[in-house]
Amino acid sequence: MAGQQTTFTLRQILTQNKPLIASQTKPGRNTSNSEWPKLSNITLWKEFTLENLNDSYGHVLNSYFTAHQTPPVPAELNRVVIRSDKDVRGLIGWHDRVLRQTLGFAMEFLTLHQDSNLRTQCSTPDNSFIAKLHLSGSLVVDHIIELDNHHQPALVVGLARASSKWKCQKVLVNLNPNTPLPSKKEPTFPIIQLGNICEKAGTRYGYIQTNEELVACCFSYAAVGEGQAAGTGSTSGTTGRELKASIMPIPWTKRGVNMLTTELALWWLCMLAMAPDHDRSITTEDKMVKINEWQWCDLGVELGGLAYYHRYSRHISMTKPMSAALPSYSNPPPGNPAEFSNWLPVATQADLGYNYALNESFPDVNQDATGALAEGPSFSDVANANPSSGGWV
């Protein structure tokens, strides 16, 4: 049994080779709603990269995964055929099954939200089950990842779209930082719809799943007088404020430990949402900590003095990560825990332990001569292996 527990890292579970998904859909158009928020701007989420993920959560991903049941294998996807938006829920269901185990492991590893349990809702292709937000049950939503508490339950929400109906590329080709979004641009409608759901769910993190990609989204409020709204309606959803969206598409075909896969991307969104003392509700960009920002922290003389501290993961490094950005904020923090000042925090014993690192290497993962992460054994090849061989049972 001990061999079974050390066969795979968490990273390997989240980077498996998935099959291509057959599609039999015809091109369609996306609809809008006058009650949805206005969207003033869309930008590429440039910080949402594998390098930044490795710097902040690599110590978790490279830990050996232990499970009480066999993790899902991609062969489950062989029968999925996309004929409509609803069929894409089958891909969301795959992500949901992978996340239920891997997020639970990460929560235990980092001792996150020990007073809450992870809970997910995933709408089915046949509508036999429909995911519903607790605060707004009438909204159309295909995936909800949440905690079972009443204060701020929703972590990440997701929408399904057939790629024949929507592709992120249609949005990216129109991005121009010096030009406001065109009014009522049809490719932006799914992003506006997701922003409406995120606003009502109380989280800035969401995603759009198609049969070709997963598009990670982080929403913020536009500053007063910023941009020109795109969309419909004279007011913006719940708050009357215009939204901004940072997006990053992740191709469905990405696989292997050296790639940012769709599973890794969604896992990362959830980890950001679960960060300790983090208010994940939508706010303005100047009050948000970027996901690649590291702060100086004082470990004390006995532990080496000053180091770098990642606010979301609580990871501590004695050297500056290559992709790290230092804090750009300087205002004193008001009541929102997501709004920080430029200060020197003192790391507590709870922040150390697994999070304490003397260098940027990943000792728990095989590396080749160049230092790149080695592939390791294929999870699918041995997932149903004989117990005597040390595989999963």
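Heads up: the sequence shown runs through residues 11 to 403, numbered per this note's numbering. Even for Gly, the Cβ is constructed at its ideal location relative to N, Cα and C.
- Take the alpha-carbon of Ala211 and the one of Val225: they are about 18 angstroms apart.
- In the structure shown, Pro81 falls within a coil segment according to DSSP collapsed to helix, strand and coil.
- For Glu252, the three-state secondary structure derived from DSSP is coil.
- Here the alpha carbons of Gln179 and Pro259 stand approximately 9 angstroms from one another.
- Assignment of Trp304 by DSSP, reduced to helix, strand and coil, places it in the strand class.
- Within a 10 Å sphere around the beta-carbon of Asp152 sit 16 or more other beta-carbons, which makes this residue buried.
- Lys297 sits away from Asn51, with the two beta carbons spaced by 9 angstroms or more.
- Taking Trp277 as the centre and dropping the five residues before and after it, the same chain places the C-beta of Leu24, Leu109, Thr112 and Leu113 closer than 7 angstroms to its C-beta, in chain order.
- When C-alpha distances from Asp158 are compared across His123, Gly310 and Pro81, the shortest belongs to His123.
- Contact between the segment 196 to 208 and the segment 47 to 66 is present: three or more C-beta pairs spanning the two stretches fall below 8 angstroms.
- In the three-state reduction of the DSSP assignment, Phe199 falls in the helix class, which pools H, G and I.
- Nearest in C-alpha terms to Ile31, of all of Lys330, Thr263, Ser291 and Pro331, is Thr263.
- 9 angstroms or more divides the Cβ of Met281 from the Cβ of Tyr319.
- If you draw a straight line from the Cα of Val150 to the Cα of Lys142, it is about 8 angstroms long.
- Proximity to Ser174 across Asn27, Met328, Ala334 and Thr35 peaks at Thr35, based on C-alpha coordinates.
- The Cβ atoms of Pro135 and Arg99 lie closer than 9 angstroms to each other.
- In this structure, the beta-carbon distance from Leu165 to Tyr231 does not fall below 9 angstroms.
- Beta-bridge partners of Ala232 (DSSP): none assigned.
- Per DSSP, Ala164 is one residue of the beta strand (DSSP E) stretching across Ala164 to Ala170.
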